[in-house]
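Trainee: Quick note, the sequences are listed as chains A and B, same order. If you read the first sequence in numbering that gives the first Met the number 0, its first letter stands for residue 0, the second for the next number, and so on. If you read the second sequence in numbering that gives the first Met the number 0, its first letter stands for residue 0, the second for the next number, and so on. For glycine and all other residues, C-beta sits at the position ideal for the given N, C-alpha and C. Computed from a predicted structure; not experimentally measured. Below is one structure. I have some questions about it.
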Amino acid sequence: MEVDMSSVTLDRDEVVRLAALATGDEKHDASSYSTLDALLVLYGRVLRHEPSNPGWAGRDRFILSKGHGPAAFYAVLAWRGYFPESWMSGFVRAGGRLGGHPDRLLVPGVEASTGSLGHGLPLAIGVALSLRAQGGDEDPRRVFVLTGDAELNEGSNWEAIMLAPQLGLGNLTLLVIDNASSSIRLRPIEHKLAAFGWDAVSVDGRDHEQLHDALSRPGAAPTAVVAVVEETG
Amino acid sequence: MSAMRAQAADTVCELFEDDPSVAVVLAEISVDRFAPAFRHDPRRAVNVGIMEQTMVGVAAGFAMEGFHPVVHTITPFVAERALEQLKLDFGNQELGGLVITVGASYDYGTDGTTHHSPGDVQALLTIPAARVLVPGHADEVDALVRAVYDGDRLTYLRTQERGNARARQVEFGQLLVERRGSRGTVIAVGPMLDRVLEAADGLDVTVLYATTLAPFDAATLRAELAGAHVITVEPTWQGTLTATVSQALEGIPVGLASIGVPRQVLRDYGSADEHDRALRLDAAGIGAQLRRLLA
């Protein structure tokens, strides 16, 4: 059944523990994953979904475009019950389902197979158009896509960034995890997105209240949330 | 506008109006020709602008939600420029979608190398389970599009300006027997058929007609094999089908050869007919090559 989000406690320590099971990292390393808090808030507070029924037609869609470093993503899915905790120790192992980049055909709850950068946003536009074609402008289902700041170097993203506001996709939200890993200076990313017509804001990517408020905003234009986290070395 | 291209658009628009699960995603090319679809339901007919990577990605997004997407543009700009999107967004995700291209292999003869695409079929054959169709007549385009549009695999269909004078009763996945002989087997691919028949006049060879290159009809080839030579005549790079035919004939000792576009940068201009003559892919050139190979 659909999750009642008000009853979910954002158990960050539990997700960190699960992520560490996958990678063998110390917990303080797992705790620093750039996507961890945004995914925690999305899967605990924002997405309408049914972990016991990953294909529920009424779900919100989430696409991890930045397929790299997916341990935090897998940990959040395991935390919500998409698959058993025992899968985590098979991370990137032969015969395991949890690869170095997620595969929709292997992992319940994974919407799109990604890994090569710059594919998620065009896919998400197609999904958002599909939901609107099926349910019209009032369809409550939303589409979220997560990219990294360095991933935005890929030109295919900017094709899609130009396109989405033209299509008026208010059901689409782009979440950019900005850990200053891009060699090409892009900051402030929200200004560039706004120039193309996105309703874009920047938040502290570790602050759950800010993330929740920004990710919950309805929009006539597609919305974008730039979640700034500490720089990685 | 070529007959095959026009037919492809007409057939897709008919399917679009009859089947609400069809989506059309264009990248500026042929938007006018698909106007009936845009009029019928603009929510599932989209022109993304000149963005071929995004065209393919958006189409795959439609497929993720159960739609049967069709994309269309000039051959190299989807088959080669957006090959990774075809490979990953459709192939790796095991999603169905139909790619219809216009202008293969050098129909835009006056535009030069950038608009040529003799490598498209070979590129698509690298994607596991992708289906590759090369019809030779507008009526065959209609039949094949209807047969495959709602399939669950990536399907690539290339159209050319110049085809065969008469359509055959083609079926998806089947080689047709055009004539039978005893000294060799010639496989004519799509628009090459008329030229092959003219070239093979007076030669004692079997001629098979191929419009589905993948999956390849190995059973018919093995059953109809005549003589010790198997020669493909292809509108694409020479040898595009050689690996496919070799696999189909595993264990059978035959000599394989291919007549196709020589693997060189095509730096000349002029009409597609002029390219054919220069590359020895007109009937006379094919005839001379066949006689040499069968000697």
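Cβ closer than 7 Å: which chain A residues qualify as neighbours of Asp88 of chain B?
Mentor: Numbered from its first residue, the second sequence carries residue 88 of chain B at position 89. Ordered by position in chain A, the residues that pass the 7 Å Cβ test against Asp88 of chain B are His118 and Leu122.
Trainee: Is Arg141 of chain A near the ligand COA, judged by its Cβ being under 7 Å from some heavy atom?
Mentor: This structure does not include the ligand COA; it has no bound ligands of any sort.
Trainee: Below 9 Å between beta carbons is the criterion; list the residues of the stretch 99 to 116 of chain A that meet it against any residue of chain B, in chain order.
Mentor: Going along the stretch 99 to 116 of chain A in chain order, one finds Asp102, Arg103, Leu104, Glu110, Ala111, Ser112, Thr113, Gly114 and Ser115 with a Cβ nearer than 9 Å to chain B.
Trainee: Report the start-end ranges of each alpha helix (DSSP H) in the stretch 196 to 233 of chain B that is 4 residues or longer and not cut off at the edges.
Mentor: As far as the stretch 196 to 233 of chain B is concerned, its whole alpha helix (DSSP H) runs of at least 4 residues are 217 to 223.
Trainee: Examine chain A for any beta-carbon lying closer than 8 Å to the beta-carbon of Gly48 of chain B, and answer yes or no.
Mentor: As a first step, residue 48 of chain B is located in the second sequence; it is residue number 49 there, counting from the start. It does: the Cβ of Gly48 of chain B has a partner Cβ on chain A nearer than 8 Å.
Trainee: Who are the Cβ neighbours of Thr172 of chain A in its own chain at under 6 Å, not counting the five residues just before and after it?
Mentor: What you label residue 172 of chain A is simply residue 173 of the first sequence in a count that begins at 1. The answer, listed in chain order, is Phe143 and Thr222.
Trainee: Straight-line CA distance for Gln237 of chain B to Val23 of chain B?
Mentor: As a working note, residue 237 of chain B is residue 238 in the second sequence. As a working note, residue 23 of chain B is residue 24 in the second sequence. Roughly 33 Å between the two C-alpha positions.
Trainee: What are the boundary residues of the beta strand (DSSP E) that Val40 of chain A is part of?
Mentor: To locate residue 40 of chain A, count along the first sequence from 1; it is residue 41. Element bounds for Val40 of chain A: not the beta strand (DSSP E) but the alpha helix (DSSP H), Leu35 to Val40.
Trainee: With DSSP run on the structure shown, which of helix, strand or coil describes Thr113 of chain A?
Mentor: Within the first sequence, numbered from 1, the residue matching residue 113 of chain A stands at position 114. Here Thr113 of chain A sits in coil by DSSP.
Trainee: So, for Glu223 of chain B: in the same chain, excluding its five sequence neighbours on each side, which residues have a beta-carbon less than 8 Å away from its beta-carbon?
Mentor: Indexing the second sequence from 1 puts residue 223 of chain B at position 224. Excluding residues within five positions, the ones whose Cβ falls inside 8 Å are Leu174, Val176, Arg179, Thr184, Thr205 and Leu207.
Trainee: Would you call the CB atoms of Ala198 of chain B and Leu87 of chain B closer than 8 Å?
Mentor: In the second sequence, counting from the first residue as 1, residue 198 of chain B sits at position 199. In the second sequence, counting from the first residue as 1, residue 87 of chain B sits at position 88. It is not a contact, given that the beta carbons lie outside the stated cut-off.
Trainee: So with Cβ pairs under 8 Å, would you call Ala149 of chain A a contact of chain B?
Mentor: Residue mapping note: residue 149 of chain A aligns to position 150 of the first sequence, counting from 1. Chain B contact via Cβ: absent.
Trainee: Give the residues from the stretch 34 to 47 of chain B that approach chain A closer than 8 Å (Cβ to any Cβ), ordered along the chain.
Mentor: Residues passing the 8 Å Cβ filter: Asp40, Arg42, Arg43, Val45 and Val47.
Trainee: If we define contact as Cβ-Cβ less than 8 Å, is Ala159 of chain A a contact residue for chain B?
Mentor: On the first sequence, position 160 is the one that residue 159 of chain A refers to. Yes, because at least one Cβ of chain B sits closer than 8 Å to the Cβ of Ala159 of chain A.
Trainee: Of all the options B:Ala217, B:Thr243, B:Ile186 and B:Phe171, which has the alpha carbon lying nearest to the alpha carbon of Thr211 of chain B?
Mentor: In the second sequence, the residue the question calls residue 211 of chain B occupies position 212. Out of B:Ala217, B:Thr243, B:Ile186 and B:Phe171, B:Phe171 has the C-alpha closest to the C-alpha of Thr211 of chain B.
Trainee: Could you tell me whether the Cβ of Thr243 of chain B comes closer than 8 Å to any Cβ of chain A?
Mentor: Numbered from its first residue, the second sequence carries residue 243 of chain B at position 244. Answer no: the Cβ-Cβ gap between Thr243 of chain B and chain A never drops below 8 Å.
Trainee: Residues of the stretch 53 to 83 of chain B in Cβ contact with chain A at a cutoff of 7 Å, in chain order, please.
Mentor: Cβ contacts with chain A: Thr53, Gly56, Val57, Ala58, Ala59, Gly60, Phe61, Met63, Glu64, Phe66 and Glu83.
Trainee: Does any C-beta atom of chain A lie closer than 8 Å to the C-beta of Asn91 of chain B?
Mentor: Residue numbering aside, residue 91 of chain B sits at position 92 when the second sequence is read from its first letter. For Asn91 of chain B, the answer is yes, since a Cβ of chain A falls inside 8 Å of its Cβ.
Trainee: Compute the Euclidean distance between the alpha carbons of Cys12 of chain B and Ser182 of chain A, then round it to the nearest angstrom.
Mentor: As a position in the second sequence, residue 12 of chain B is number 13, starting the count at 1. As a position in the first sequence, residue 182 of chain A is number 183, starting the count at 1. Taking the straight line joining both Cα atoms gives about 46 Å.
Trainee: Could you please give the first and the last residue of the uninterrupted beta strand (DSSP E) stretch that includes Tyr155 of chain B?
Mentor: Residue numbering aside, residue 155 of chain B sits at position 156 when the second sequence is read from its first letter. Leu153 to Gln159 is the span of the beta strand (DSSP E), which, as asked, contains Tyr155 of chain B.
Trainee: Starting from Thr22 of chain A and walking both ways along the beta strand (DSSP E), at which residues does that stretch end?
Mentor: Taking the first sequence and counting its residues from 1, the one referred to as residue 22 of chain A is at position 23. Premise fails: Thr22 of chain A lies in the alpha helix (DSSP H), Arg11 to Thr22, not in any beta strand (DSSP E).
Trainee: Are Ser30 of chain A and Val40 of chain A closer than 8 Å when you measure CB to CB?
Mentor: What you label residue 30 of chain A is simply residue 31 of the first sequence in a count that begins at 1. What you label residue 40 of chain A is simply residue 41 of the first sequence in a count that begins at 1. It is not a contact, given that the beta carbons lie outside the stated cut-off.
Trainee: When you compare the CB of Gly196 of chain A with every CB in chain B, is at least one pair closer than 8 Å?
Mentor: On the first sequence, residue 196 of chain A is found 197 positions in, with the first residue counted as 1. No - not a single Cβ of chain B is within 8 Å of the one on Gly196 of chain A.
Trainee: With a 10 Å radius around its C-beta and 16 neighbouring C-beta atoms as the bar for buried, classify Ala128 of chain B as buried or exposed.
Mentor: What you label residue 128 of chain B is simply residue 129 of the second sequence in a count that begins at 1. Exposed, because fewer than 16 other Cβ atoms sit within 10 Å of the Cβ of Ala128 of chain B.
Trainee: What residue from B:Asp110, B:Gln6, B:Leu94 and B:Thr74 has the CA that sits closest to Phe331 of chain B's CA?
Mentor: Summary: the structure shown does not reach residue 331 of chain B, with chain B confined to residues 0 through 294, and so no result is reported for it.
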